[in-house]
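Under my numbering, read the sequence shown as residues 213 to 320, first letter to last. Even for Gly, the Cβ is constructed at its ideal location relative to N, Cα and C.
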Amino acid sequence: MCSEKPQTWSKWLSLAEWWYNTCFHSAIQSTPFEVVNGQPPPINLPYLLGESNNMSVDRSLSAREDAIKLLKFHLLRDQNRMKQQADKHRSDRQFSVGDYVFLKLHPY
């Protein structure tokens, strides 16, 4: 999205942050919003063009919907790309009870 509209990225940063914080994270088995606030995030209902009588609101919400669609597309594409890269170095290994294995721990 930033590469497509480099002059407007700061305008959409808050929406990207909201999307990230309200999506489920497998590492914490919750959304960051729910962890911080103790309740699920409010539902962000999709906006249909023409639902508002105010043209400014209509344009703003339509732009929000377009940005959300674009963000979802790019995030899913990049998740698939990262998965493909990780799978290149992954191999199935079989271990039995009593086998010695080397475990490398990282400090992060």
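Asked                                                                                                                                     : Found
Do you know offhand how far residue 233's Cα is from residue 269's?                                                                       : 24 Å
Identify which residue in 255, 273, 254 has its Cα closest to the Cα of residue 263.                                                      : 273
With a CB to CB cut of under 7 Å and the five nearest residues on each side skipped, what residues in its chain are close to residue 235? : 243
In this structure, does DSSP put residue 274 in helix, strand or coil?                                                                    : helix
Expressed to the nearest angstrom, what Euclidean distance is found between the alpha-carbon atoms of residue 302 and residue 292?        : 15 Å
Just the Cα atoms here: how many angstroms apart are residue 320 and residue 310?                                                         : 28 Å
Given this structure, state the Cα-to-Cα distance separating residue 313 from residue 304, to the nearest angstrom.                       : 14 Å
Distance, Cα to Cα, residue 299 vs residue 290?                                                                                           : 14 Å
Whole-angstrom Cβ separation of residue 277 and residue 259, contact assumed at under 8 Å?                                                : 5 Å
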